[in-house]
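Undergrad: Shown below is the structure under consideration.
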Amino acid sequence: MAKRNWVNKPEPGENANRLRHTMTIAKWELIDINDKQEVMERIEQYFDQCIEDDILPTVEGLALALGTNRTTMFAWKTNGKVPEEVVGLVDRAVAILNADQATNIANSGNVVGQIFLMKNSFEDYTDKREVIHRVEAPQLTQKELMEKAKQLPGF
-6 MAKRNWVNKP
4 EPGENANRLR
14 HTMTIAKWEL
24 IDINDKQEVM
34 ERIEQYFDQC
44 IEDDILPTVE
54 GLALALGTNR
64 TTMFAWKTNG
74 KVPEEVVGLV
84 DRAVAILNAD
94 QATNIANSGN
104 VVGQIFLMKN
114 SFEDYTDKRE
124 VIHRVEAPQL
134 TQKELMEKAK
144 QLPGF
């Protein structure tokens, strides 16, 4: 598969290869999501398939490999429907995806993507908006201030 940057159109056959990859994963037998060993093997199988097909792994692809969708997969962290050890495996797989995608962005030559990555990965790189407030008040003498103060209730 030819390397392309963010602005180039896909090479002929590239979309077909991606769809073929996704359909292969969709045809896999469902696993017992509560079985740590099956989940670990399926995650490895997913990454191996991505390597074999030369396709970037994604959160959506990982969820499909696990027989679910990304919303449900992320909900496992809080809903208690899968064992903690399975949640840990999925979290680790997502961390691998994040690291891989960050590496791809960093090496892409896409400046906008690199800025986005820096803003999301490093505390010092953020959008900052400075707002300067100026209060334009007339300069009053001490005598004028005292006269104004006498007009206030309770003074």
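Every letter in the sequence shown is one number past the one before it in the numbering used here, and letter 126, counting from 1, is 119.
The beta-carbon is built from N, C-alpha and C at its ideal position, and this holds for glycine as well.
#1: How about residue 90 and residue 50: do their beta carbons lie closer than 8 Å?
#2: Can you tell me the Cα-Cα spacing of residue -6 and residue 45, whole angstroms?
#3: Between residue 66 and the rest of its own chain, which residues show a CB-CB distance below 8 Å, the 5 nearest in sequence each way excluded?
#4: What residue range does the alpha helix (DSSP H) around residue 144 cover?
#5: Quick one: grab the DSSP three-state call for residue 60.
#6: Looking at the unbroken alpha helix (DSSP H) that takes in residue 11, where does it start and where does it end?
#7: Please classify residue 97: does DSSP put it in a helix, a strand, or coil?
#8: From which residue to which residue does the alpha helix (DSSP H) around residue 133 run?
#9: Using DSSP with H/G/I as helix, E/B as strand and the rest coil, what is residue 115?
TA: Taking the definition as stated:
#1: yes
#2: Because the pLDDT of residue -6 is 49, which lies under 50, any placement of that residue in the model is unreliable, and the number read from its coordinates should be weighed accordingly. Rounded to the nearest angstrom, the two C-alpha atoms are 12 Å apart.
#3: 52, 55, 56, 59 and 83
#4: Here residue 144 belongs to no alpha helix (DSSP H), and DSSP marks it neither H nor E.
#5: coil
#6: 7 to 19
#7: helix
#8: Looking at the DSSP string, residue 133 is not in any alpha helix (DSSP H), and its letter there is neither H nor E.
#9: coil
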